[in-house]
């Protein structure tokens, strides 16, 4: 050894060599160490003691030298206050470990498609209300991309029919805006399948699915005050419906837009044009869209105070309802959900707006019908219409009921409009009351969707 050099003793500790097979276990190990040491400033001993484990086991888990039990990840997630982040990371990495090795090399075209999809997601983020670095919607898209790489996204329109039915049920059962991220993901997947499908039959079926998804997205966007995005989604729904061979669907798209446009406050002339177009496309063939078009006319008449217009439109809606398919009265499913409204709710709302003596009884019957078929959103709207009818009849318990409904679930665009009418119908003294102030707060808050929880 040369002069001045110091001999450095070699460590006797043998380190295990790391291989590609250690991925993704090392990722969760690194995350556990980061949360413990860097974020929470805890020693191995203190963390292990808190979960009643030997600290040597925790050290091996962090170095990915031993498999980590799911129960331990849950305990450490709670200990570090990760709010589910570690649990969800472990689940995601487990899927990567299970499926990652089956994914073949990507062509430049595939990479370009994925880059385009990422850019699309970036543009969607402000609309979806994503406020966290990793959200449930982003994870949903990640799993969707993984499915696509494995070729596991279904091309079967019948299977997608059930997806649409589930989305409708989710839309009617959850807070406004909650369905938008899922619908956006579904719509991107279906349009992606359309780009790659040559079969005329499959293309027609997928086009029909895209129209329904866009329509539901338009409704939910309107409910959270995203009016411009909603109008664009309505237009997309019409175009897809028109491109399909399903005339009943083209009728339904316009009639649905007409009904929702009433509550959005669009000009009556626009509502009338949409309803008229729906009737023209139907050409007398009974469908849910034709029934809804006549229902839109009835509500227009009620808002204009025309009892004759309401009577004629409801008679036509009843006529279509009487000619409905027998399946509509059976188990609700993909083939029948568009009929869910029925004319009962429209009749009750129209008569309540006109101040008819039969309105209270009709509202109660319509409410019970909507609860029976699981149409929760429609049931809430009918309860709020009951509140409006009560206030118009100088029963201020209607104001209390309106606040209760708003506290239960954020107002949709329809319920927002009804709540505003309740406030306008209050006598002067009641307008200054605490319940009226609270109702105004609920109306204002309903156009600001709640942030999605972090993952």
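In the working numbering, the protein residues as written are 12 to 466.
In this text, a Cβ means the ideal position worked out from N, Cα and C, and glycines have one as well.
Inset, instruction - Could you tell me whether any non-hydrogen atom of the ligand FAD is closer than 7 Å to the CB of residue 299? - result: Only the bare structure without any ligand can be found here, which leaves the ligand FAD out of the picture.
Inset, instruction - State buried or exposed for residue 450, treating a residue as buried only when at least 16 other CB atoms are found within 10 Å of its CB. - result: buried
Legend entry - Segment limits, alpha helix (DSSP H) that includes residue 6: Residue 6 cannot be examined here, being either before or after the span of the chain that is shown, 12 to 466.
Inset, instruction - For residue 222, collect the residues of the same chain with a Cβ closer than 7 Å to its Cβ; drop the 5 residues on either side in sequence, then sort them by chain order. - result: 248, 251, 252, 255, 260, 264
Legend entry - C-alpha gap between residue 272 and residue 97, whole angstroms: 44 Å
Legend entry - Simplified DSSP assignment, three categories, for residue 257: coil
Legend entry - Span of the alpha helix (DSSP H) around residue 72: 66-73
Legend entry - Selected residue, minimal CA-CA separation from residue 436, among 215, 371, 413, 241: 413
Inset, instruction - Could you tell me which of 367, 335, 297 sits nearest to residue 313, measuring between CA atoms? - result: 367
Legend entry - Whole-angstrom distance between residue 279 and residue 322, CA atom to CA atom: 18 Å
Inset, instruction - Determine, using beta carbons only, whether residue 447 and residue 455 come nearer to each other than 8 Å. - result: no
Inset, instruction - Report the rounded CA-to-CA distance for residue 426 versus residue 433, giving the unit in angstroms. - result: 10 Å
Inset, instruction - Report yes if the C-beta distance between residue 179 and residue 201 is below 8 Å; otherwise report no. - result: no
Inset, instruction - Could you name the residues of the same chain whose beta carbon sits closer than 6 Å to that of residue 17, not counting the 5 residues immediately before and after it, in chain order? - result: In this predicted model, residue 17 has a pLDDT of only 40, less than 50, meaning its place in the structure is not dependable; the value taken from the coordinates is given anyway. Within the same chain, residue 17 has no close Cβ partners at all.
Legend entry - Buried/exposed call for residue 331, threshold 16 Cβ in 10 Å: buried
Inset, instruction - May I ask you to verify whether the region 281-291 touches the region 376-387, counting CB pairs closer than 8 Å and requiring at least 3? - result: no
Inset, instruction - Output the boundary residues of the alpha helix (DSSP H) element that contains residue 86. - result: 81-91
Inset, instruction - Answer with buried or exposed for residue 336, where buried requires no fewer than 16 other C-beta atoms within 10 angstroms of its C-beta. - result: exposed
Inset, instruction - Give the secondary structure of residue 63 by DSSP, where H, G and I count as helix, E and B as strand, and everything else as coil. - result: coil
Inset, instruction - In the DSSP assignment, find the alpha helix (DSSP H) that holds residue 357 and state where it starts and stops. - result: 355-365
Inset, instruction - For the alpha helix (DSSP H) holding residue 174, just list the boundary residues, first then last. - result: 168-184
Inset, instruction - Measure the beta-carbon distance from residue 399 to residue 409 and round it to whole angstroms, keeping in mind my assumption that it falls under 8 Å. - result: 7 Å
Legend entry - Residue environment, residue 325, which counts as buried when at least 16 other CB atoms sit within 10 Å: buried
Inset, instruction - Work out the CA separation of residue 189 and residue 420 for me, nearest whole Å. - result: 12 Å
Legend entry - 6 Å CB neighbourhood of residue 163 in its chain, flanking five on each side removed: With a pLDDT of 49 at residue 163, under the threshold of 50, the modelled position of that residue is not reliable, and the figure given next carries that caveat. Closer than 6 Å at Cβ, skipping near neighbours: no residue.
Legend entry - Among 74, 358, 396, nearest to residue 308 - alpha-carbon criterion: 358
Inset, instruction - Note down the Cα distance separating residue 535 from residue 185, rounded to an integer number of angstroms. - result: Outside the displayed range of the chain (12 to 466) lies residue 535, so it cannot be described from this structure.
Legend entry - Cβ pair residue 301, residue 361 closer than 8 Å: no
Inset, instruction - Please report the Cβ distance between residue 41 and residue 55, rounded to the nearest whole angstrom; I am assuming they are in contact, meaning their Cβ atoms lie under 8 Å. - result: Contact doesn't hold; Cβ gap of about 15 Å is too wide.
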